[in-house]
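Residue numbers (mature numbering (1 follows the signal peptide of the UniProt record, and there is no 0)): -19 to -1, 1 to 288.
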């Protein structure tokens, strides 16, 4: 019988440890994909303290008078999903704000504009559909395909696990929090966006803020005029990036409200000569960061835990 406690102890050693809560203060998470997108917000953060987990740096501090935790998701969907779950497991996050750049899909959007979409979808969660002898597409019977194909690539609804259901549901869109969207509408109304980059290159039009509409994400850098026309004309998306829809899915699964601010750095394949990210990345990043800062300044602060 004495072997049983020893066996249990051994099995406990093998069991995966629960993620450790690293900070008890309720904080708003501020996330960007890669360093240039977060530099302005990090520079404005006071009382910084960095906690590193598996190579990911989480910066605690105060921004616009609000307790925050800032983190880089890493580029593309897998990194974004992984980092978002790490963040939510280890910190008391009351809301998640994403600040970054995007490719503009809507012909009415210009470089420097900031889009705040009401929902996000994964356009490359998809089927590469079999073609019949006559050239028609023949999807498998279990396919859940909400939009027509582009070539043989047809967007698919994502699998989403729901408490109390044995099987996942299928859905394409993940909604930003309605309360945060309403608050953002008021918070950003008076924000003046940058028109000229640090190198004195200026935009032809004054940047504007576009609330609502749809955004899409996928694990590919999208710089193709045909795909741009498809994503805007068929799916109706205004902007495209490589992280937001993954963050949205994880936030929804964890019941954490989110909102995403994406400033147009290029036209995703419609730039007249070459992709404009090298010229306008810093300007676009700064414009998104301005809206995030304005948003943080008006969000109600969650009461700290009792001592």
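C-beta: ideal position from N, C-alpha, C; glycine also.
- For residue 150, there is no enclosing alpha helix (DSSP H); the enclosing beta strand (DSSP E) has its first and last residue at 150 to 152.
- Using a Cβ distance threshold of 9 Å, residue 86 and residue 249 count as a contacting pair.
- Secondary structure remark: continuous beta strand (DSSP E) runs of at least 3 residues inside the stretch 148 to 209, in chain order: 150 to 152, 154 to 156, 190 to 192, 195 to 198.
- Counting only the Cα atoms, residue 40 lies some 10 Å from residue 53.
- For residue 141, no alpha helix (DSSP H) segment is defined; the enclosing uninterrupted segment is the beta strand (DSSP E) at 139 to 141.
- Unbroken beta strand (DSSP E) stretches of 3 residues or longer found wholly inside the stretch 218 to 271: 218 to 222, 239 to 247, given in chain order.
- Listed as beta-bridge partners of residue 124 by DSSP are no residues whatsoever.
- With respect to the 9 Å criterion, residue 93 and residue 282 are not classified as neighbours on the basis of their beta carbons.
- Rounded to the nearest angstrom, the gap between the Cα atoms of residue 271 and residue 179 is 16 Å.
- Between the stretch 127 to 142 and the stretch 201 to 216, the count of Cβ pairs shorter than 8 Å is three or higher; the stretches touch.
- Apart from sequence neighbours up to five positions away, no residue of its chain approaches residue 36 with a beta-carbon distance below 7 Å.
- With fewer than 16 other CB atoms across the displayed protein chains lying within 10 angstroms of its CB, residue 123 is exposed.
- Annotation: residue 99 is outside any beta strand (DSSP E) and is labelled neither H nor E by DSSP.
- Assigned with DSSP and collapsed to three states, residue 76 falls in strand.
- In terms of CA proximity to residue 135, 119 leads the group 145, 141, 119.
- Close CB contacts of residue 235 within its chain, under the 7 Å cut and outside five residues either way in sequence, are with 69 (chain order).
- Sixteen is the threshold: since fewer than 16 other Cβ atoms of the shown chains lie within 10 Å of the Cβ of residue 33, the residue is exposed.
- Your pair residue 98 and residue 194 checks out as a contact, with CB atoms roughly 5 Å apart and the cut at 8 Å.
- Around the beta carbon of residue 9, 16 or more other beta carbons lie within 10 angstroms, which makes this residue buried.
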